[in-house]
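Notes follow once the structure below has been shown.
Residue numbers (the working numbering), protein chains in the order written: chain A, 467 to 984; chain B, 4 to 78.
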């Protein structure tokens, strides 16, 4: 029974998933972005016939290959964890995950596996145009693979296009297109892949900068900076635009996450966006959760209201509004949602009971409720709240969200500047003279990874306590297994992934030191 | 048939030549891939990551009942 679940089991299961997801994401964004950079470079080679572009493409393709080889299949571990550690969740999501993941698997296998081989083995064996088409197909395939997993992830934040079957306790997809064109999914996909493009651009600019610092491969480095600088600049602006629309969507589908990112406790009109500040615990509490004040807050007045409502004087609800309710703004309290969720849960329990005792008439009447729009929209929608013992449990960690959001956004704006400078110095042929910029570019490589991981921390820590927004909290999703077994695999994964990362970094460094050979 | 055979042979030779002439980093990458997949599927999957519901219950209806019990708190 859920009441008997060991809290440490939930924490270890979460820690294990976080560890594997964070490590997995160290490999993915470089694949997403570098694949397109390779396609651009090879396109220039095919169009101009200039052999230096072939040499450049093959050099970056080597680094792409190392990252691809070491990162491939690391995501499968997450699927292992679903079945073992998160069995209630896996069962409850039903085929919502099955279809997108199956498409992802097919795309990954046929597009990537086939054409990656042509990319690496096909130089001088297939025509230039066929090779170029393969490189483009790898880039498109890798990014389309990401689409399907992000569709599944987005569904957890905004579950749509499904119907809950009370007989099987599974959600069944009733509209594939609603799941695919879920506004969270579209935005998540564009924001995530463009952030991958940006990370890869920073990676290429940084390594090219190293060559210029060492006064090696200068022609290749400058041309690489040109491609990555332009691609990075366009991507960084797209990341900012999609980030902005992401804020608008999150404020609607995950309002507590949004208010927590801003440490906004009291809703207001003309709400300002906090640029920077220091989060401190106050003496005030919401239930057992401490309220956090923000010291030294620097704000842009009205911007938060504009971002969420499109109007400077628009109302942005705070954490207290969302937890305690605000009838004047049409916001239900968490206590009310808990009551509605408990009613939905009771209906499910009564349905099961009536089936067990053979009361077919009652069972049919209760089963019909799960197809009734009023019940689904006003009661079952809050099913997950029934597992809360107090309203404050709806609040995620405010300091974690506040800081990780600012790290992501701050670095995002820094990267716009960095890419703009890269293009500017390349255009003026002054890259070599501005050694400060070269060093800055080199040390920006880890910053790109920090920004990318921070984005996922905002997303996943912000969704707490939910694994599926409003429907299933994390503690209900976990399997009733021993926490010691999860601890063992946690350390096994930590060792495995650290080994893989060490291998990747050491092989890459060696290849970078060797430089292009062809 | 003969054309299809030639085509398949061409594909086989394409991969064969590719693997035969792998660079040193390519060989290292493949070694890492093989070790990684072995650890994941032959060790972790078999010994540590059993599908909880599949190993505990023999039918989907039993699995459904179990999850409903977990969700409703009955029994």
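Backbone N, C-alpha and C fix where the C-beta goes; we use that ideal spot for every residue, glycine too. As the structure is a prediction and not an experimental result, all values here were calculated from the model.
I'd like to know whether the C-beta of residue 549/A is nearer than 7 Å to at least one C-beta of chain B. yes
Helix, strand or coil at residue 532/A [DSSP, three-state]: helix
For residue 806/A, which residues in the same chain have their Cβ closer than 6 Å to its Cβ, ignoring the five residues on either side in sequence? 845 and 848
Alpha carbon to alpha carbon, how far is residue 623/A from residue 894/A? 46 Å
Less than 7 Å between the C-beta atoms of residue 726/A and residue 864/A, yes or no? yes
With a threshold of 7 Å between beta-carbons, can residue 75/B be considered close to chain A, or not? yes
Counted within 10 angstroms of its Cβ, other Cβ atoms place residue 495/A as buried (16 or more) or exposed: buried
Beta bridge counterpart(s) of residue 893/A as assigned by DSSP: DSSP, once it has assigned bridges, lists no residue as partnering residue 893/A.
Please state the DSSP three-state secondary structure of residue 763/A. strand
Closest residue to residue 558/A among 933/A, 969/A, 771/A and 949/A (Cα-Cα distance): 933/A
Give the secondary structure of residue 745/A by DSSP, where H, G and I count as helix, E and B as strand, and everything else as coil. strand
In this structure, does DSSP put residue 468/A in helix, strand or coil? With a pLDDT of 49 at residue 468/A, under the threshold of 50, the modelled position of that residue is not reliable, and no figure is offered here.
Within 7 Å (strictly less), CB to CB, does residue 964/A reach chain B? no
Out of 660/A, 757/A and 742/A, which has the shortest C-alpha to C-alpha gap to residue 1009/A? There is no way to answer for residue 1009/A, as the model of chain A reaches only from 467 to 984.
Tell me, please, whether the CB atom of residue 937/A is closer than 7 Å to any CB atom in chain B? no
Does the distance from the C-beta atom of residue 687/A to that of residue 678/A stay below 7 Å? yes
Residues of chain B with CB closer than 9 Å to the CB of residue 811/A, please, in chain order. 74, 75 and 76
Residue burial classification, residue 804/A (beta-carbon count within 10 angstroms, cutoff 16): buried
Can you list, in chain order, the residues of its chain whose CB lies under 8 Å from that of residue 543/A, leaving out five sequence neighbours each side? 486, 490 and 959
Where the alpha helix (DSSP H) containing residue 9/B begins and where it ends: 5-23
Between the C-alpha atoms of residue 516/A and residue 523/A, what's the straight-line distance to the nearest angstrom? 11 Å
Is residue 818/A close to chain B? Criterion is C-beta to C-beta, closer than 7 Å. yes
Rounding to the nearest angstrom, what Cα-Cα distance links residue 905/A and residue 700/A in this structure? 22 Å
Taking Cβ-Cβ distances below 7 Å as the criterion, which residues of the segment 530-548 of chain A are in contact with chain B? 531, 532, 535, 536, 538, 539, 542, 543 and 546
Could you tell me whether the Cβ of residue 67/B comes closer than 7 Å to any Cβ of chain A? yes
Excluding the five sequence neighbours on either side, which residues of its own chain have a C-beta within less than 6 Å of the C-beta of residue 611/A, listed in chain order? 570, 573 and 574
What whole-angstrom Cβ distance do residue 733/A and residue 792/A have, given they're in contact under 8 Å? 7 Å
Does the segment 916-923 of chain A touch the segment 873-886 of chain A, meaning 3 or more C-beta pairs lie closer than 8 Å? yes
Compute the distance between the beta-carbons of residue 698/A and residue 664/A, then report whether it is under 7 Å. yes
CA-to-CA distance, residue 647/A to residue 621/A, given in whole angstroms: 10 Å
Using three-state DSSP, classify residue 798/A as helix, strand or coil. coil
Strictly under 7 Å for the Cβ-Cβ distance: is residue 51/B near chain A by that measure? yes
If you scan the segment 822-891 of chain A from start to end, which runs of the alpha helix (DSSP H) of 4 or more residues do you find wholly inside it? 826-835 and 839-844
Cβ of residue 32/B within 7 Å of any chain A Cβ: yes
Compare the C-beta of residue 973/A with all C-beta atoms of chain B and state if any pair is closer than 7 Å. yes
Given residue 437/A as reference, the closest of 857/A, 852/A, 719/A and 706/A once Cα atoms are compared: Given a span of 467 to 984 for chain A in the structure shown, any question on residue 437/A remains unanswerable.
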